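Residue numbers (the UniProt record's numbering): 1 to 698.
(1) Identify, in the order they occur along the chain, each residue of the same chain with its Cβ nearer than 6 Å to the Cβ of residue 483, setting aside the five sequence neighbours on each side.
(2) Give the straight-line distance between the Cα atoms of residue 626 and residue 546, rounded to the nearest whole angstrom.
(3) Out of 36, 92, 487, 70, which has the shortest C-alpha to C-alpha gap to residue 212?
(4) Below 8 Å, how does it come out for the stretch 58–73 and the stretch 31–45: are there three or more Cβ pairs, yes or no?
(5) Run through DSSP, which three-state label would residue 103 get?
(6) Quick check on residue 251: does DSSP put it in helix, strand or coil?
(7) Evaluate residue 3 with the Cβ neighbour count: other Cβ atoms within 10 Å of its Cβ, from every protein chain shown; 16 or more gives buried, anything less gives exposed.
(8) Starting from residue 456, trace the alpha helix (DSSP H) both ways and give me its first and last residue.
(9) Looking at the unbroken beta strand (DSSP E) that takes in residue 327, where does it start and where does it end?
(10) Where are the beta strand (DSSP E) runs, 3 residues long or more, that stay fully inside the stretch 56–97, in chain order?
(11) Apart from the five residues on each side of it in sequence, which residues of its chain come closer than 6 Å, Cβ to Cβ, to residue 300?
(12) Using three-state DSSP, classify residue 196 as helix, strand or coil.
(13) Anyone know if the C-beta pair for residue 600 and residue 647 falls short of 8 Å?
(14) By the DSSP assignment, the beta strand (DSSP E) with residue 660 in it spans what residues?
(15) Rounded to the nearest angstrom, what separates residue 158 and residue 530 at their Cα positions?
(16) I'd like to know whether the C-beta atoms of residue 306 and residue 339 end up nearer to each other than 8 Å.
(17) Which word fits residue 608, buried or exposed, when buried means at least 16 other C-beta atoms lie within 10 angstroms of its C-beta?
(18) Does the Cβ-Cβ distance between residue 265 and residue 279 come in under 8 Å?
(19) Name the residue from 554, 649, 515, 58 whose alpha carbon lies nearest to the alpha carbon of residue 583.
(20) What are the uninterrupted segments assigned as beta strand (DSSP E) that are 3 or more residues long and contained completely in the stretch 271–335, given in chain order?
(21) Can at least three beta-carbon pairs, one atom from the stretch 508–524 and one from the stretch 487–494, be found at a separation below 8 Å?
(22) Between residue 188 and residue 207, how many whole angstroms is the CB-CB distance? I'm expecting something under 8 Å.
(23) Measuring straight from C-alpha to C-alpha, what distance separates residue 243 and residue 493?
(24) Would you mind listing the beta strand (DSSP E) stretches within the stretch 509–561 that are 3+ residues and don't spill past its ends, in chain order?
(25) Taking just the CA atoms, how far does residue 342 sit from residue 699?
(26) Starting from the Cα of residue 39, find the closest Cα among 660, 461, 210 and give me that residue.
(27) Would you report the Cα separation of residue 378 and residue 392, rounded to the nearest angstrom?
(28) For residue 6 and residue 132, I'd like the C-alpha separation in whole angstroms.
(29) Return the chain-ordered list of same chain residues with a C-beta closer than 6 Å to the C-beta of residue 19, the five sequence neighbours on each side being excluded.
(30) Can you tell me the Cβ-Cβ gap for residue 193 and residue 53, rounded? I've got them flagged as a contact below 8 Å.
(31) Provide the residue span of the beta strand (DSSP E) that contains residue 350, from first to last.
(32) For a minimum of 3 consecutive residues, which ranges assigned as the beta strand (DSSP E) are wholly contained in the stretch 105–130?
(33) State the start and end residues of the unbroken alpha helix (DSSP H) segment that holds residue 568.
(34) Between residue 691 and residue 650, how many whole angstroms is the CB-CB distance? I'm expecting something under 8 Å.
(35) Let me check understanding here. Comparing Cα to Cα, which of 660, 473, 142 lies closest to residue 700?
(36) Mind checking residue 130: buried by the 16 CB within 10 Å criterion, or exposed?
Here it is in structure tokens:
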């Protein structure tokens with residue numbers, strides 16, 4: 001129902017000019033768009049728009065911005081989660097006749113001019129990431145400039161505000177603080193395509209009691225949803241390589257991890273070479289490379305991007321012909337958000353999910369990845385309190401043994417709760433006590449388990465796939481679509497064909513030839529280890545190699561057999577070690593002269609691989625192992641783990657003195673055993689240490 005008030009002729013003209021610039025000469029605002037814009041023309045308005053991708057949420061805030069600016073209001077601040085989204089929004093704002101700019105890590109050289117334009121009042125729109133809001137320098141320079149002047153605050157992809165959302169980002173919590181600091185009377189618009197009733201209620205509560213919530217139907221008639229039978233991880237790679245050419249136009253193949261993006265890209269190239277152009281897209285790429293790849297897909301220069309969730313919210317290619325998932329996200333909400341990239345301006349797009357039993361372990365990880373661990377939080381706060389000055393994430397990584405990405409998330413969560421603060425020089429404790437809200441987080445985990453149950457029902461094809469997705473988003477109009485693989489009983493055309501075993505073999509051989517670099521640690525952890533400083537060069541390892549990275553599908557069966565003691569499998573892994581050495585030798589400081597084994601979890605596997613390499617390379621084997629029957633626990637801090645391994649290691653100087661050592665270890669997550677063993681070997685007189693890690697676990 002249209003509840004909007006009457007607009008003046010000038011307001012109607014402004015609205016028409018914006019929507020026609022965005023959507024064509026005959027376009028007009030829809031009723032809900034007009035209702036949202038009308039509400040935003042009121043001081044301190046709070047509006048949440050939950051509508052399907054392609055509905056035109058951005059038209060609401062560009063129209064409202066143009067109308068507010070015409071009335072003399074200040075600039076609009078858009079909080080947007082991804083660079084790809086910001087780039088598209090800047091272009092859309094400019095088409096709408098607005099002067100827009102973004103401040104992010106990829107355009108540092110432009111910041112000064114943008115800030116000058118902001119102060120001069122010539123900038124209509126500033127787009128920033130939530131992480132930028134947390135930056136002290138940005139706050140001092142830019143947010144202070146906008147204090148009291150902001151005309152409209154837009155929170156895009158607003159489900160990320162909520163603990164209950166599939167993509168919770170702690171820095172989004174700073175939006176309410178920013179609003180209080182900038183202009184409490186400014187209207188606020190929050191938008192998302194992926195919020196169920198609980199997330200919507202949480203976001204609306206955070207915005208304020210009087211929030212107007214506008215929800216629309218979420219089903220997409222242009223999408224044909226399909227799900228295959230469960231496959232092995234390697235067969236999924238083969239399916240994609242085999243069927244990529246059968247899919248319409250260009251599209252996105254989503255994977256769950258960075259390693260999968262890199263492996264699947266290599267697999268497709270092993271089968272097709274350059275005939276089917278693809279590229280890996282992950283959050284680890286520099287911004288300019290991500291921009292280049294986004295443009296390549298948009299311009300149909302490549303068949304597909306093999307992407308993690310880093311390519312998601314806001315990426316706009318209206319004619320995207322397909323989305324394939326090699327492994328499902330654990331949430332139907334996040335799955336809907338990703339498949340919504342396809343079929344925006346075309347009548348038909350293919351969506352295919354390739355499930356595997358192995359995905360459930362990744363789901364379990366995601367279910368708790370953003371949940372604070374009370375002991376880890378306490379340890380991090382203690383490490384910060386022990387510092388005499390603000391600490392960097394790098395130094396905290398060394399002292400706690402936690403991964404850098406984990407520490408960054410924990411610090412953001414602690415900052416939201418006021419227990420730590422970030423300054424230009426680093427992180428410090430504030431003195432405010434932090435407590436773990438067990439009931440709240442138990443509820444989040446239970447909600448995520450229910451979402452995983454829905455995805456299991458989707459994978460099993462219990463009923464219409466579109467209905468399952470839209471019901472999970474609490475869409476009251478959810479109904480059977482009549483076109484998905486469950487409704488019609490099969491996948492379309494050749495997409496239902498099983499993967500060719502010959503293609504799977506080609507991929508396996510190609511992937512096994514790739515060894516990952518094992519970067520040496522550079523800092524001692526302090527604490528129980530007793531030393532907190534840079535590792536001296538004369539005690540540091542050379543860059544090493546990893547044979548099996550994480551859950552590499554090309555190695556899964558062989559590695560499992562090797563752990564059972566299968567001699568053939570152990571020899572197979574040993575031969576892979578020999579091949580890795582052959583490709584590695586151009587980067588050696590010197591050829592290895594002795595092989596030292598370091599069994600960490602599996603003595604039989606470690607010794608077998610070390611023996612095989614020594615046999616083929618005609619190298620002597622050290623008589624002493626760098627190990628003990630005691631094993632460090634999985635949850636030790638870096639300082640405790642490093643201290644324990646140091647207590648176990650005392651290599652005989654006579655065996656390694658003056659020699660370049662090949663150090664063979666079987667499995668490690670942190671790398672501390674290899675780091676400490678290297679220092680022990682170097683202290684015993686080794687000239688250089690080349691680590692070969694059989695399995696880098698996660």
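Built from N, CA and C at the ideal position, the CB exists for glycine as well. Bear in mind that the values here come from a model prediction, so they are computed numbers and not experimental data.
According to the structure data:
(1) Position 483 of the chain shown, counted from the first residue, corresponds to residue 483. Same-chain partners within the cutoff: 224.
(2) By one-based count along the chain shown, residue 626 stands at place 626. By one-based count along the chain shown, residue 546 stands at place 546. Cα-Cα distance, rounded: 19 Å.
(3) Sequence index remark: in the chain shown, residue 212 carries index 212 (1-based). Minimum Cα distance to residue 212 is reached at 36.
(4) yes
(5) The residue given as residue 103 occupies position 103 in the chain shown. Strand, per DSSP.
(6) Here residue 251 corresponds to residue number 251 of the chain shown, with the count starting at 1. In this structure, residue 251 counts as strand in the three-state DSSP scheme.
(7) Position 3 of the chain shown, counted from the first residue, corresponds to residue 3. Any reading at residue 3 needs caution, since the residue's pLDDT is 48, under 50, leaving its predicted position unreliable; the model's value is listed next. The residue is exposed, with fewer than 16 neighbouring Cβ atoms inside 10 Å.
(8) As a working mapping, residue 456 is identified with position 456 in the chain shown. Element bounds for residue 456: 438–460.
(9) Sequence index remark: in the chain shown, residue 327 carries index 327 (1-based). Note, residue 327: premise wrong, no beta strand (DSSP E); not H, not E.
(10) 76–79
(11) As a first step, residue 300 must be located in the chain shown, where it is residue number 300. Same-chain partners within the cutoff: 250.
(12) The sequence position of residue 196 within the chain shown is 196, counting from 1. Coil, per DSSP.
(13) One-based indexing of the chain shown puts residue 600 at position 600. One-based indexing of the chain shown puts residue 647 at position 647. For residue 600 and residue 647, no; Cβs fall outside 8 Å.
(14) Numbered from 1 along the chain shown, position 660 holds the residue referred to as residue 660. Unbroken beta strand (DSSP E) run through residue 660: 660–668.
(15) Stepping through the chain shown from its first residue, residue 158 is reached at position 158. Stepping through the chain shown from its first residue, residue 530 is reached at position 530. The straight-line gap from Cα to Cα measures roughly 45 Å.
(16) Counting from 1 along the chain shown, the entry for residue 306 is found at position 306. Counting from 1 along the chain shown, the entry for residue 339 is found at position 339. No, they are not a contact pair.
(17) For the purposes of this step, residue 608 is taken as the residue at position 608 of the chain shown. Buried: at least 16 other Cβ atoms inside 10 Å.
(18) In the chain shown, the residue the question calls residue 265 occupies position 265. In the chain shown, the residue the question calls residue 279 occupies position 279. Taking 8 Å as the Cβ cut-off, residue 265 and residue 279 qualify as a contacting pair.
(19) For the purposes of this step, residue 583 is taken as residue 583 along the chain shown, with counting starting at 1. Out of 554, 649, 515, 58, 515 has the C-alpha closest to the C-alpha of residue 583.
(20) 278–281, 304–307, 322–326
(21) no
(22) If you number the chain shown from 1, residue 188 lands on position 188. If you number the chain shown from 1, residue 207 lands on position 207. At roughly 6 Å, the Cβ-Cβ gap stays under 8 Å, so residue 188 and residue 207 are in contact.
(23) On the chain shown, position 243 is the one that residue 243 refers to. On the chain shown, position 493 is the one that residue 493 refers to. Taking the straight line joining both Cα atoms gives about 10 Å.
(24) 516–518, 544–549
(25) As shown, the chain starts at 1 and ends at 698. That puts residue 699 outside it, with no answer to give.
(26) Working through the chain shown from its first residue, we reach residue 39 at position 39. With distances taken between Cα atoms, residue 39 lies closest to 210.
(27) Here the question's residue 378 lines up with position 378 in the chain shown. Here the question's residue 392 lines up with position 392 in the chain shown. So the two alpha carbons sit approximately 17 Å from each other.
(28) Within the chain shown, the letter at position 6 stands for residue 6. Within the chain shown, the letter at position 132 stands for residue 132. Residue 6 and residue 132: Cα-Cα distance of roughly 38 Å.
(29) Position 19 of the chain shown, counted from the start, is the residue given in the question as residue 19. Cβ neighbours of residue 19 beyond the five flanking positions: 27, 29, 59.
(30) Translated into the one-based positions of the chain shown, residue 193 becomes position 193. Translated into the one-based positions of the chain shown, residue 53 becomes position 53. Their Cβ separation, rounded to whole angstroms, is 5 Å, which keeps residue 193 and residue 53 in contact under 8 Å.
(31) Within the chain shown, the letter at position 350 stands for residue 350. Unbroken beta strand (DSSP E) run through residue 350: 349–354.
(32) 125–128
(33) The sequence position of residue 568 within the chain shown is 568, counting from 1. 567–584 is the extent of the alpha helix (DSSP H) around residue 568.
(34) The residue you call residue 691 lines up with position 691 of the chain shown. The residue you call residue 650 lines up with position 650 of the chain shown. Going by Cβ atoms, the distance from residue 691 to residue 650 rounds to 19 Å, so no, they are not a contact pair.
(35) A query on residue 700 cannot be resolved here, the shown segment of the chain reaching from 1 to 698 and no further.
(36) By one-based count along the chain shown, residue 130 stands at place 130. Burial call: buried.
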